[in-house]
Each structure stands twice: as C-alpha cells, then as structure tokens.
Amino acid sequence: MLTQPSSQASTETTSTGLLRCYNCGQPYRPGELICPHCNTRFAKGVDTRQIDLKDVPTNPVQPRGDAFVTSPKPIILYVEGQRLTLPEGFVEIVVGRRSPIADDPQPDIDLGPFGAEEKGVSRRHIRLKRKNYLTYIIDLGSSNGTWLNGKRLSGPAERLLRNGDELRLGTLALTVRF
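Residue numbering for the sequence shown follows the numbering used here, beginning at 43 and increasing consecutively.
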C-alpha cells in the first residue's frame with residue numbers, strides 16, 4: 043500500500059549518505075520515489091501519467107516485414123512524422139522519458155520531445171535488444187503498457203521486431219524501420 047508523507051515527515055541521512063525512510067527507518071538511495079522496504083511514497087511529482095485504456099486502439103495486425111537482417115542496418119523510429127535514428131551497433135538500449143531526478147536511471151532514448159509524459163510513457167518504458175541479426179522488444183513493467191502491432195505485451199518476455207512494426211507506448215505511436 044502506498045502512503046503519502048505527512049507534512050511533519052522528516053528524512054534522516056545515514057553515515058553512508060543513504061537516506062532513511064521516515065515511515066520504517068530503513069535506508070534508501072537518494073532519488074528513490076518509493077521506499078523499497080515499506081512502499082512509502084516519497085515524491086508525487088514524477089509519477090507516470092495514467093492513461094485511459096479506451097484511448098488505445100486494440101485492433102491487432104499481422105507482423106509487417108522482415109525480421110532477419112543480413113547486415114547491420116540502423117533502426118529508425120518514426121514518431122509523429124519525425125525520424126529518430128537509434129545509435130548503430132547497440133546491443134541493448136532503453137527507451138522512455140527523462141526523469142527530473144538527477145540520481146534516477148535515465149533512458150538511452152528520450153521520447154520527451156514527442157509529448158511522452160502526456161501520452162503515458164514511463165521513464166524506462168521498453169528495452170530494445172539485438173541478438174545476431176534480430177532485434178527484440180521487452181516491456182520494462184511500464185505503467186501504461188506497450189503494444190506491438192495492436193497486441194499488448196505482457197510480462198518481461200522478448201518479442202521479435204520486424205521492419206514496419208507499429209509500437210504504442212501508452213498512447214504514443216511509433217513505427218519501426220530497418
């Protein structure tokens with residue numbers, strides 16, 4: 043159960059620089075949003091906006107194009123008519139939106155300029171992973187879900203990406219090309 047801090051709550055710092063939860067007294071890292079021991083919420087301003095699932099189309103389509111690429115090609119995400127080329131030669135890359143908290147893990151690819159926060163994109167929404175000549179997508183436990191060709195991904199399983207696939211992170215639509 044998540045609890046909100048009271049106006050009189052205080053946080054102590056340990057000798058190792060960690061902070062102590064005002065609720066349970068256990069240490070946690072600076073920048074944590076929720077106590078890893080008792081689930082007390084420390085900050086409210088950086089939550090992922092919850093979207094209404096009725097705003098997300100659910101008409102699955104068949105995979106689009108080739109999955110196997112015989113030579114390394116750049117992966118391009120088309121987001122709202124703009125081209126976003128992923129770094130060549132990556133093995134794993136995280137896509138999401140930047141966090142305002144300095145110590146928070148940041149995504150490799152920031153979708154903030156595309157209205158990611160308003161469209162329900164989590165800070166660390168998906169991971170793209172290359173194995174040999176194939177590319178996979180993994181949902182990282184995002185708050186508002188990930189869809190591949192209209193079908194919602196469940197769990198942390200790897201799903202094969204194909205040229206022309208359509209992704210939806212929350213309500214942000216992307217098309218994959220390689």
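C-beta: ideal position from N, C-alpha, C; glycine also.
Residue i: first and last residue of the uninterrupted beta strand (DSSP E) it sits in
i	result
Ala-215	214 to 219
Glu-160	Looking at the DSSP string, Glu-160 is not in any beta strand (DSSP E), and its letter there is neither H nor E.
Thr-82	Per DSSP, Thr-82 belongs to no beta strand (DSSP E) and is neither H nor E.
Beta-carbon proximity list for residue i, same chain, < 8 angstroms, skipping 5 on both sides
i	result
Met-43	Residue placement at Met-43 is flagged as unreliable, the pLDDT there being 41, under the threshold of 50; the coordinate-derived value follows with that caveat. The residues are Asn-81.
Same chain, Cβ closer than 7 angstroms to residue i, five either side skipped, listed in chain order
i	result
Arg-166	Val-136, Gly-138, Pro-147, Pro-149, Leu-182
Ala-158	Arg-139, Leu-214
Pro-201	Per the sequence shown, residue 201 should be read as Arg rather than Pro. So the list reads Tyr-178, Ile-179, Leu-190, Leu-195, once near-sequence residues are dropped.
Sequence-distant residues of the same chain with beta carbon closer than 6 angstroms to residue i, five excluded per side
i	result
Pro-47	Any reading at Pro-47 is ruled out, since the residue's pLDDT is 41, under 50, leaving its predicted position unreliable.
Gly-187	Arg-194
Gly-154	Arg-139, Arg-140
Proximity below 8 angstroms, CB of residue i to CB of residue j
i	j	result
Lys-171	Glu-130	no
Leu-75	Pro-69	no
Identity of the residues DSSP links to residue i by a beta bridge
i	result
Arg-125	Tyr-120
Pro-72	According to DSSP, which records beta bridges pairwise, Pro-72 is partnered with nothing at all.
Arg-194	Trp-189
Member of the options whose CA lies at the smallest distance from the CA of residue i
i	options	result
Arg-140	Arg-125, Leu-119, Gly-162	Gly-162
Leu-209	Lys-173, Asn-174, Leu-176, Arg-169	Arg-169
Gly-212	Phe-156, Gly-123, Thr-127	Phe-156
Phe-132	Lys-115, Cys-77, Glu-160, Leu-216	Lys-115
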